[in-house]
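Novice: Sending over a structure as structure tokens; questions will come in a sec.
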Amino acid sequence: MATSSYATGGGGDYFDPHAALAGEVELPVTLAAGAAGLGRLLDPAAGEADVAPGAAVGLPAWLAAELLARNMADLRALPPEYGGPARRALSTGAPSVRFRGRAPYFYTAALALSGLRGAPDLTPLASHALRSRYAPLLARCLAPSDAARADARAVRAPGARAARVAADPASLMSVEEAALHGAGAASLAALDRWRAVDWRGREGASAAVEVAARARAAGGGGHGDGGGGAGAAKRARGA
């Protein structure tokens, strides 16, 4: 029996919370067989208790995946976040596309959808989105600059939607992107702490070396005379 990628957590990890939540993405499907008593469960506004064969319904991806794997349904279309307009927006201005709230699990769902019968391979789309969005959003999150402060001032200007987006990069990110950028920020903070500790250690070591050098310089005359006297005595014995 075929097993969908959603059944194994969207990539093999059954306990992955991202995969579980990505499974709630609604997929439009056409049922090949009827479903007795599920009409109002699938659609509370439905007038009939049963779902007739050929009915077009929207199902959570985890359920749609199982029906597709058993040839009990056919995929009618992709979710809007993977459709034509979304693809065009990603191709022309990926860093400005808002995933948060619209496609919070964009990458996890894309990889899982790619394994469904009748669905195109969304891996290239997800790869392009990550490559195009990662660096610009990371730069704005980790390195606030004069440009970012200018964006913040522009937020107050009427109709400055683009500035609002630029001033708050977190509002653009999917859950996966936010986790990735959070890991980057934590890594940068750890590097700063290591540098601070290492610099203090080097300063302490440099101070100790300087003190020792001064001590040697202060006692160097006596050692030098002693050394000279010893040399003269040795030469006298040799003579």
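Each residue of the sequence shown is one higher than the last, beginning at 157 in our numbering. Where is the CB? At the ideal position from N, CA and C, for every residue including glycine.
Where does Glu-333 sit, in a helix, a strand or coil, going by DSSP?
Specialist: For the purposes of this step, residue 333 is taken as residue 177 along the sequence shown, with counting starting at 1. DSSP places Glu-333 in helix when its eight states are reduced to three.
Novice: Whose C-alpha, out of Glu-332, Arg-273 and Pro-235, is nearest the C-alpha of Glu-222?
Specialist: Along the sequence shown, one-based indexing puts residue 222 at 66. Taking only the C-alpha atoms, the option nearest Glu-222 is Arg-273.
Novice: Which value, in whole angstroms, describes the spacing of the CA atoms of Ser-327 and Ala-285?
Specialist: The residue labelled residue 327 in the question sits at position 171 within the sequence shown. The residue labelled residue 285 in the question sits at position 129 within the sequence shown. Using only the alpha carbons, I get a separation of about 16 Å.
Novice: May I have the straight-line CA-CA distance separating Ala-275 from Pro-173, to the nearest angstrom?
Specialist: The residue you call residue 275 lines up with position 119 of the sequence shown. The residue you call residue 173 lines up with position 17 of the sequence shown. The straight-line gap from Cα to Cα measures roughly 23 Å.
Novice: When the distance is taken between beta carbons, is Ala-212 closer than 7 Å to Gly-190?
Specialist: One-based indexing of the sequence shown puts residue 190 at position 34. One-based indexing of the sequence shown puts residue 212 at position 56. No; because the gap between Cβ atoms is not below 7 Å, this pair is not in contact.
Novice: Need the endpoints of the beta strand (DSSP E) that Pro-241 sits in, please.
Specialist: To locate residue 241, count along the sequence shown from 1; it is residue 85. Segment 240-249 is the alpha helix (DSSP H) holding Pro-241; no beta strand (DSSP E) there.
Novice: Ala-265 to Leu-177, Cα distance in whole Å?
Specialist: For the purposes of this step, residue 265 is identified with residue 109 of the sequence shown, where counting begins at 1. For the purposes of this step, residue 177 is identified with residue 21 of the sequence shown, where counting begins at 1. Their Cα atoms are separated by approximately 9 Å.
Novice: Among Ala-295, Tyr-290 and Phe-262, which one has its Cα closest to the Cα of Thr-279?
Specialist: Against the sequence shown, residue 279 aligns to sequence position 123. Looking at the Cα atoms, Phe-262 is the closest of the given residues.
Novice: How close, in whole Å, do the beta carbons of Ala-233 and Ala-220 come, if the pair is a contact with beta carbons under 8 Å?
Specialist: Numbered from 1 along the sequence shown, position 77 holds the residue referred to as residue 233. Numbered from 1 along the sequence shown, position 64 holds the residue referred to as residue 220. With 8 Å as the limit, Ala-233 and Ala-220 do not qualify as a contact, their Cβ atoms being about 12 Å apart.
Novice: From what residue to what residue does the alpha helix (DSSP H) around Pro-276 run?
Specialist: In the sequence shown, the residue the question calls residue 276 occupies position 120. Neither: Pro-276 is in no alpha helix (DSSP H) and is coded neither H nor E.
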